[in-house]
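**Q**
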Amino acid sequence: MHDPNGYAFEMADIRQRYEGTMLLGLNIGPGMVDLFERLGFFRVFSAPWFIAMMVILVVSIVVCTLDRTPRLWRGVRRVTVEQPDAFFDLRLPERARFAEPHLSVDEIGRALRQRRYRLRRATSEDGSVTWLYGDRNQYLKMATLLTHLGLVLFLIGGAVTAAIGFETVIFVGEGQTAPVQAVGTPHNLLVKNVSFQAPLRENGSFADFLTDLAVYRDGVQVARKTIRVNDPLEVDGFVFHQNTFGPSADMEIRDPGGRLVWTGPVLLDGQLLGLPQGFLTIPGSGMGLLMYLQRDEAGVARLAVLGVGPPAVDGSSRFLFQGLLGIGGTSDPEDTLGYSITWVRAGAFTGMVVKNDPGAPIIWIAFTSLISGLLLSFYFPRRRVWARLTQEGGVQLAMLADRYVDADREFRALLDDLAARSGARPERASMPGASAPAGA
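Okay, so the sequence shown: first residue is 1123 according to my numbering, each after it adds one.
#1: To the nearest angstrom, how far is it from the Cα of Val1227 to the Cα of Asp1538?
#2: How should Gly1448 be labelled, buried or exposed, when 16 other C-beta atoms within 10 angstroms of its C-beta is the threshold for buried?
#3: In this structure, does DSSP put Gly1429 in helix, strand or coil?
#4: Buried or exposed: where does Ala1281 fall if 16 or more other Cβ atoms within 10 Å of its Cβ makes it buried?
#5: My guess is that Ser1269 and Leu1496 are in contact by the Cβ rule of under 8 Å, so how many angstroms apart are they, rounded?
#6: Assuming contact is defined by CB atoms lying nearer than 8 Å, are Met1409 and Val1430 in contact in what I supplied?
#7: For my contact list, Val1507 and Leu1536 are in at a C-beta cut-off of 8 Å; report their separation, rounded to the angstrom.
#8: Grab the span of the alpha helix (DSSP H) containing Ser1438 for me, first residue to last.
#9: Taking contact to mean at least 3 C-beta pairs separated by less than 8 Å, is the stretch 1262-1276 in contact with the stretch 1153-1173?
#10: Under 8 Å: do the stretch 1258-1265 and the stretch 1284-1304 share three or more Cβ pairs, one atom per stretch?
#11: Return the CA-CA distance between Thr1458 and Trp1384, expressed in angstroms with no decimal places.
#12: Write down every uninterrupted run of the beta strand (DSSP E) in the stretch 1462-1497 whose length is 3 residues or greater and which is fully enclosed by it, in chain order.
#13: Does the beta-carbon of Met1413 have 16 or more other beta-carbons within 10 angstroms, so that it is buried, or is it exposed?
#14: Using only the alpha-carbon positions, how far apart do Thr1245 and Leu1519 sit?
#15: Is the stretch 1479-1499 close to the stretch 1294-1310, with three or more CB pairs under 8 Å?
#16: Are the Cβ atoms of Ala1529 and Leu1212 separated by less than 8 Å?
#17: Can you tell which of Thr1490, Val1351, Tyr1501, Ala1233 has the C-alpha that lies nearest to the C-alpha of Ala1542?
#18: So what's Glu1289 in DSSP terms, helix, strand or just coil?
#19: I need the DSSP call for Glu1132, collapsed to helix, strand or coil.
#20: Looking only at its chain, what residues have a beta carbon closer than 6 Å to the beta carbon of Tyr1338, apart from the 5 residues adjacent to it on each side?
#21: Where do the ends of the beta strand (DSSP E) carrying Glu1419 lie?
#22: For Met1264, does the three-state DSSP call read helix, strand or coil?
#23: The alpha helix (DSSP H) that contains Thr1393, what's its start and end?
#24: Given this structure, state the Cα-to-Cα distance separating Gly1555 from Ser1168, to the nearest angstrom.
#25: Tell me the DSSP secondary structure of Val1337 in three-state form.
#26: Among Ser1544, Glu1532, Met1521, Leu1511, which one has its Cα closest to the Cα of Gly1249?
#27: Which value, in whole angstroms, describes the spacing of the CA atoms of Ala1426 and Val1302?
#28: Out of Tyr1526, Glu1374, Ile1485, Phe1533, which has the shortest C-alpha to C-alpha gap to Gly1279?
#29: For Met1373, tell me which candidate among Gly1231, Gly1295, Met1144 has the shortest Cα-Cα distance.
#30: Going by DSSP, what residue range makes up the alpha helix (DSSP H) through Phe1172?
See the structure below:
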């Protein structure tokens, strides 16, 4: 979690939740939570032991890649056009021979070019033997390096996000402004909820959630947009995502002297007995207002208001007064310790997830690199074909391919093409376990 305030809030909630955990008659809750926090179990991605594991993994991938790259490069660069007679032994897979020299080098070359092979040719010193070599996707075997690069960049991007990324949730009532980062941060962004709408469908479900959002820096508006789910606002690396919403109550409070001490929305972003609940500390006093929204028997909205004083000596809450307000209603000061409390109108707040993720571009590059490497490796594997032409032995053919290729099927298709050009059928091994004759 990149928001210190949010982390502190969550830790307080966890401690309260597990405070009474018992084991063999011992209260282990507080100690267990403290131990897990020191071990980094509540923020795994920034824990030292997790970072150490990621560093080891990155180093191992880099070392493996550096060790493999020279051998991989030599493998794709090394091309042997001239092959001995034994290389074309029919007992080997993907081997064939046309007994009579019905095919010319040019005809074989045309057949290979149609299959996007790059050709090389060699002739013996006495001119009795001609070799033709076809190579398809020669250098794409290097695409595996893109896959390795993608893995490394994924880990680096995640580390950058964990180290310096920022993420928080902000609730802002209509007309309210809230800071994005901690108060006091230089050039901090302020976000204002100009208005919020949640239109309904005919069946009563929500059709959309829309927030008219304005962003300010140093008192100057730098951006404004109506955001909705999956259509965020981005400002200087910060992305504002529409996440949730809830009710608010626009309140106006005057002290016993008639001075206005509060005007604005109170977010009912909590829950009290399943009802929307919020809390407001009255400025200039030690008293707070606990408010929760309910409906009477007629379905009319009512706002319950409880005055809460400083805790008693035993730590229990002290309720000073209680009242029930309708929209536009004002409390009787005699019942609320001289304060005049008015529920001006019902409103709504918007909840946004705000992110600043410098690791995101690295993650996208990693994704592109990883997927590109996999696609090139699986869908464009290397294939090689050799042809050896002699006056005595006719035409000998051999094929080698990466494991992702159905070499037998492709070799058969090539032989069928050459057979159609020459009018003769090739010879292939028919011993058990070997390929059947082409065209069989």
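We put the beta carbon where it would ideally sit given N, CA and C, even for glycine.
**A** On the basis of the data shown:
#1: 17 Å
#2: exposed
#3: strand
#4: buried
#5: Looking at the sequence provided, one finds Thr at residue 1269 rather than Ser. Rounded, the Cβ-Cβ distance is 6 Å, consistent with contact.
#6: yes
#7: 7 Å
#8: Ser1438 -> no alpha helix (DSSP H), and no H or E assigned at all.
#9: no
#10: no
#11: 15 Å
#12: 1462-1478
#13: buried
#14: 16 Å
#15: no
#16: no
#17: Ala1233
#18: strand
#19: helix
#20: Leu1312
#21: Counting along the chain, Glu1419 falls outside any beta strand (DSSP E), and DSSP gives it neither H nor E.
#22: helix
#23: As written in the sequence, residue 1393 is Gln, which differs from the Thr given in the question. Gln1393 -> not in any alpha helix (DSSP H); beta strand (DSSP E) instead, spanning 1392-1394.
#24: With a pLDDT of 43 at Gly1555, under the threshold of 50, the modelled position of that residue is not reliable, and the figure given next carries that caveat. Approximately 56 Å, taken between the alpha carbons.
#25: strand
#26: Leu1511
#27: 31 Å
#28: Ile1485
#29: Gly1295
#30: 1170-1199
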